[in-house]
Every structure is written in C-alpha cells, then in structure tokens.
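A.B. asks: If you're matching positions, the sequence shown starts at 23 in the numbering used here and goes up one per residue. Built from N, CA and C at the ideal position, the CB exists for glycine as well. Predicted model only: the values in this text are computed from it and were never measured. My questions all concern the structure below.
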Amino acid sequence: MLDYSRFQKPQRYIGNEWNVVRKTHDGRIPVCIGYPDIYDVGMSNVGLRIIYGLLNSSDAMVCERVFLPGPDYIAYLLTQHRLLCSLETKTPLREFQVLGFNLSCELNATNVLRMLELSGIERRALNRTDLIVIGGGVANPEPMAAFFDVFCLGEFEEVALEFIRILQRHPDKEARLAALSCIPGFYVPAFYRHTRHAGGYSVEKSYGAAQFPLRRAYVKSLDEAYYPIAWLVPHTSIVHDRVQIEIARGCPNRCTFCQARGLYHPYRVRSPQVIGNLLRSMYAQTGYEDFSFLALSASDYPGIENLVDETIDYCRERAIGLSLPSLRIDDIIGGLYRKLIPLKKTSLTCAVEVAGDGLRESLNKKIDVRKLFEAAHILRSLKVGHLKLYFMFGFPGETEDDLIAIGTFLRELQGRSRLSLNVSINAFVPKPFSLWENVPMIGIEHLLDKRTTILRNIPSSRWFDVSIAPLERTILEAVICRADRRFAGVIERIFLNEEASGGLE
Numbered sequence: 023m024l025d026y027s028r029f030q031k032p033q034r035y036i037g038n039e040w041n042v043v044r045k046t047h048d049g050r051i052p053v054c055i056g057y058p059d060i061y062d063v064g065m066s067n068v069g070l071r072i073i074y075g076l077l078n079s080s081d082a083m084v085c086e087r088v089f090l091p092g093p094d095y096i097a098y099l100l101t102q103h104r105l106l107c108s109l110e111t112k113t114p115l116r117e118f119q120v121l122g123f124n125l126s127c128e129l130n131a132t133n134v135l136r137m138l139e140l141s142g143i144e145r146r147a148l149n150r151t152d153l154i155v156i157g158g159g160v161a162n163p164e165p166m167a168a169f170f171d172v173f174c175l176g177e178f179e180e181v182a183l184e185f186i187r188i189l190q191r192h193p194d195k196e197a198r199l200a201a202l203s204c205i206p207g208f209y210v211p212a213f214y215r216h217t218r219h220a221g222g223y224s225v226e227k228s229y230g231a232a233q234f235p236l237r238r239a240y241v242k243s244l245d246e247a248y249y250p251i252a253w254l255v256p257h258t259s260i261v262h263d264r265v266q267i268e269i270a271r272g273c274p275n276r277c278t279f280c281q282a283r284g285l286y287h288p289y290r291v292r293s294p295q296v297i298g299n300l301l302r303s304m305y306a307q308t309g310y311e312d313f314s315f316l317a318l319s320a321s322d323y324p325g326i327e328n329l330v331d332e333t334i335d336y337c338r339e340r341a342i343g344l345s346l347p348s349l350r351i352d353d354i355i356g357g358l359y360r361k362l363i364p365l366k367k368t369s370l371t372c373a374v375e376v377a378g379d380g381l382r383e384s385l386n387k388k389i390d391v392r393k394l395f396e397a398a399h400i401l402r403s404l405k406v407g408h409l410k411l412y413f414m415f416g417f418p419g420e421t422e423d424d425l426i427a428i429g430t431f432l433r434e435l436q437g438r439s440r441l442s443l444n445v446s447i448n449a450f451v452p453k454p455f456s457l458w459e460n461v462p463m464i465g466i467e468h469l470l471d472k473r474t475t476i477l478r479n480i481p482s483s484r485w486f487d488v489s490i491a492p493l494e495r496t497i498l499e500a501v502i503c504r505a506d507r508r509f510a511g512v513i514e515r516i517f518l519n520e521e522a523s524g525g526l527e
C-alpha cells in the first residue's frame, strides 16, 4: 500500500472525506470528473461539487473525482510508471467510460493534457476509442476541440438527466456522441467542419442530425435545481474552506469588460426559504462553522438585507460565521456589513477596477469609489484589519492619468483609514461574450510600460501588499480565450515544453 505521508499535503490523495459517496462500479456507468488544478483549488469549485452530487444521485451512475497532483506526486507516478487514479476507489482514469474536465480557466489547458498523459490516455480525441472525454465551463471550446470528444455548453444541471439517459441507452461511444450532438447544450467538435476563407470563417455540419446553430443549456429555476446538501468536508485546508450556498446566478449589471453576464444570463435567484433550508441542512450534514452566500454580486440579490436578517440569528446561536464575499460599498455604509462582523472577524474584498472616474464610466461600472473612504472608517471602527482591492489596466481609452490615479487613490485610502491594503492588479483581457469581446488586446510592450507607471506611483510601505499577474501568462490567456482549432497544436507544444522545462514559462 502506498505511503502517502511521503508527499506534501498527503490529505490531497487519500480520499474518504466526510460525506464522500461510496459506490461500487458493478452494473453502473463509471464517470470521473477532473479538475485540472491541485485538490486545494478544485475542491473550492462549486460546479464540481454540484456535478459530483448530481451524477451520484442516480443509481445508474457512479461518479468519482480526480485532481492534478502536486509536483512530488507527479514525479512518483512517472518514475514508478504508475497511472493517475480516481480519489474514491483508486481506479485508473482510462478504465472509466466518461472522463470530464472543468475548463473555466484558460491557463489550465496544459494541465488537462498533463492529466491525460499521467493516465496513459491519448491526448487527441481522434486517437481514442472507447473513452469519452467531456469538457465544461468553457466560453470558447475551439482551442481545446482536438482533445475533447464533446463539450457541455452552459449549465450541466439542465441536461444531466438527458446525459444519463443517453449513456444508459447507448453502450458504444459513437452512438453516445451522435445522440448527445442532437441535444441543446452539447457540442461534438468532430461533427462540424470549420473553413477559413477571405470573408472570414464558416461552419457546417458533417453529421446531419447534429444541432446547428449551437445553443447553451441553462437552469430555469434555481429553487428547482439540484444543490449538494451533503457538502464534502476535506481533511485539509482548501482555498475556500467553507460551505458556499449559491443565492444567485448571473449578473444584472452590464460592465463592458465582464464576461459573466454573457455566460450566465439571465439573472436568476434562489428564494430566501430555500436558502434558509439549505443553510440548516448543510450545517447539520457538515458541522462547518463558516458559510458564505455565493453570487457574482451578492448586493444585487433582491432583499439581501432581509435574507441576512432571516438567517443571522440561526448563525449567531451556533457561532457560524456568515460572509458575503461580493458586497457593494453602499452596503457597508448602510449597515449590512455591521450585522455580519460580530459573527466572525473577516476582511472585505472590493473590485474597484479603475481609479479614474471617466474611465469607470466608460466601463459602465456603477460605483462611487469615494464612498470607500467612508466605508473604510466603518471597517476600522469594527476592527477589520485589512481591505482587499482589485484593479485592472490596459483598457481602451485609458490614459497615463488613469494609471497614476491608482497610486493616488491607494495613498489617500490608506491615509484616511489606516487599514492594510492587499492590492491585486491585472491586465484587461478581452473575453468572448463580453461587450468588449472584439476589442484588440494591448501588446505586451505597452502593458509593461503601463505596469511600470502604476508601480512607480504606489509607495513601498508595510501597509501595501501589491501583486500583478505575470503579463506573459495574461497574453497567453488572451490568445487561448479567442483562438480557434488551429491553436491546439500550440497548446500541445506548450505542454511538451513544460514537460521539458518544468513550467508554463
């Protein structure tokens, strides 16, 4: 038996967490869902938890999990000629009928190829026979089309039952893919021909029954949608180590740079009664002392203050910490945040995006950042230690004054509040399905100049912890998110270079 204590954070690999599903494969269709990042990150993903619970709710299915191992475990697999296996039953991935991957982060593309390689599975779909590899959570599937048999476009909960029925009805791979291609929400790349010509780009079906144009699947009612009450409790700390209850999906705002509205439209909410029932049931199932109400913008939930009022006594009586990770500044000033602070001390995150008023208007970002100064005073009086702020740069119409304004804003905010500021700054990436999806990405030379201007105007101080994502990775993200099928070869070469050099760079 393998001694997991030889690896860093062995709890990533042992499985058997509280609320894990235990099923035999006998007479069931075995599916493994993978997250192309380490356990600590993947187990923080709500989508993975939903799919895991939803598929296992069917007696016809057995669904297990797999994550990208850490470097020491990868080295063990390679040197000992072992295969990557599932977490629950330690079954090699290539023995499953279906292998799924979450593709919400473009920079995880090469991690998918690494996991296939570690599993002894052919990278390219055309070289595989029985195994179906399905991807989900992706805005643009084309760069990864060569590696996947099918994609789920949109929200899997809406098409899960049809997916299960098709797997039950059709035992062989080709029949399964043909049936899936007829269902809105599924896309089989092999059934479509892509042609480039002088006028642009054209697509036509190579399999007559396949749907065209493609349509995404989305849940019509969150109240009726499946949500995992038996929340898996890891043996080790993870990135978001708490129970997350999704209170809304989508976003009612129209920020020009944001992809989320396009991907998750229309805006839908879960009712207070259902949220309250989930809170009580999930606490009973887990004993977790930290809960959060999950939404792209919790402040936009209709009656958010009433929702907090209805649940806060239950939380206070049981010493449960309740957080709203995405509040507006007005909600701090208005008192909503004051109600949460007594439950458990926490920090606050605020997506300011830009410091210049004119640029903010062009982004359609409807916040009054000057109110953040007033909010900071309130946070300090509540003994909140630090404030996390997000900024972006590289927008169309951006001036040098807009870049300098970031440092000016931070100095004034810190001077007034005396709070520690954790500042994350990222370059703008034009994403598909955003209002600015056709805006060109600024070249890396200009981005480097802009980064220098920003950092030059932020003082070196123990009060400021500033991080900027590597621009080379940002450029790669921009290319992958808008590339077509021709980019598969580039992704493959990057992966092979990673294997040789030990990193994405």
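Less than 7 Å between the C-beta atoms of Ile60 and Gly92, yes or no?
C.D. replies: Result yes, Cβ atoms of Ile60 and Gly92 sit closer than 7 Å.
A.B. asks: For Gln281, which option in Tyr98, His192 and Pro452 has the closest C-alpha, if you only look at C-alpha atoms?
C.D. replies: Of the listed residues, the one whose Cα sits closest to Gln281 is Pro452.
A.B. asks: To which residues of the same chain is Leu526 closer than 8 Å at the C-beta, ignoring the five residues directly before and after it?
C.D. replies: Residue placement at Leu526 is flagged as unreliable, the pLDDT there being 48, under the threshold of 50; a coordinate-derived value is accordingly withheld.
A.B. asks: Have a look at Ala306 and Ala147 and give me their C-alpha separation to the nearest angstrom.
C.D. replies: Near 43 Å, if we compare the C-alpha coordinates of Ala147 and Ala306.
A.B. asks: Around the C-beta of Lys388, are 16 or more other C-beta atoms found within 10 angstroms, so that it is buried, or is it exposed?
C.D. replies: Flag for Lys388 reads exposed.
A.B. asks: Could you give the DSSP three-state label for Gln233: helix, strand or coil?
C.D. replies: DSSP places Gln233 in coil when its eight states are reduced to three.
A.B. asks: Is Thr101 a contact residue of the ligand NAP, with contact defined as CB to any heavy atom under 6 Å?
C.D. replies: Within the structure as shown, the ligand NAP is missing, as the structure has no ligands at all.
A.B. asks: Quick one: what's Thr371 bridged to in DSSP?
C.D. replies: According to DSSP, Thr371 bridges with Lys410.
A.B. asks: In whole angstroms, what is the alpha-carbon distance linking Phe417 and Lys195?
C.D. replies: Their backbone Cα atoms lie some 45 Å apart in a straight line.
A.B. asks: So for Leu477, helix, strand or coil by DSSP?
C.D. replies: Residue state, collapsed to three classes: helix.
A.B. asks: Which one of Ser446, Gly157 and Val406 has the shortest CA to CA distance from Tyr412?
C.D. replies: The shortest Cα separation from Tyr412 among Ser446, Gly157 and Val406 belongs to Ser446.
A.B. asks: Shortest alpha-carbon distance to Ser456 belongs to which of Ala161, Ser66 and Gly69?
C.D. replies: Taking only the C-alpha atoms, the option nearest Ser456 is Ala161.
A.B. asks: What residues in its chain sit with their C-beta under 7 Å from that of Arg264, if we drop five residues either side in the sequence?
C.D. replies: The residues are Tyr310, Asp312, Phe313 and Ser314.
A.B. asks: Below 8 Å CB to CB, which residues in the same chain sit around Ala201 once its five sequence neighbours on both sides are set aside?
C.D. replies: Result list for Ala201: Ile188, Arg191 and His192, in chain order.
A.B. asks: What are the boundary residues of the alpha helix (DSSP H) that Cys337 is part of?
C.D. replies: Start and end: Ile326 to Glu339.
A.B. asks: Thinking just about the alpha-carbon of each residue, which of Gly419, Arg136, Arg215 and Asp423 is nearest to the one in Val225?
C.D. replies: Looking at the Cα atoms, Arg215 is the closest of the given residues.
A.B. asks: Going by alpha carbons, who is nearest to Ser80 out of Trp485, Ala500, Leu183 and Lys112?
C.D. replies: Minimum Cα distance to Ser80 is reached at Leu183.
A.B. asks: Going by beta-carbon coordinates alone, are Val384 and His408 separated by less than 7 Å?
C.D. replies: Sequence check: residue 384 is Ser here, not Val. No; because the gap between Cβ atoms is not below 7 Å, this pair is not in contact.
A.B. asks: Expressed to the nearest angstrom, what Euclidean distance is found between the alpha-carbon atoms of Arg9 and Arg440?
C.D. replies: The chain is shown only over 23 to 527; residue 9 falls outside these bounds and no answer can be derived.
A.B. asks: So Phe313 is in the beta strand (DSSP E); what residue range does that whole segment cover?
C.D. replies: First-last of the beta strand (DSSP E) with Phe313: Asp312 to Leu316.
A.B. asks: Return the CA-CA distance between Thr308 and Gly230, expressed in angstroms with no decimal places.
C.D. replies: Going by the C-alpha atoms only, they are around 49 Å apart.
A.B. asks: Whole angstroms are fine: how far does the CA of Arg238 sit from the CA of Gly272?
C.D. replies: Their backbone Cα atoms lie some 14 Å apart in a straight line.
A.B. asks: What residue range does the beta strand (DSSP E) around Pro52 cover?
C.D. replies: That run of the beta strand (DSSP E) goes Ile51 to Tyr57.
A.B. asks: Three-state secondary structure (DSSP) at Lys227?
C.D. replies: Three-state DSSP puts Lys227 in a strand.
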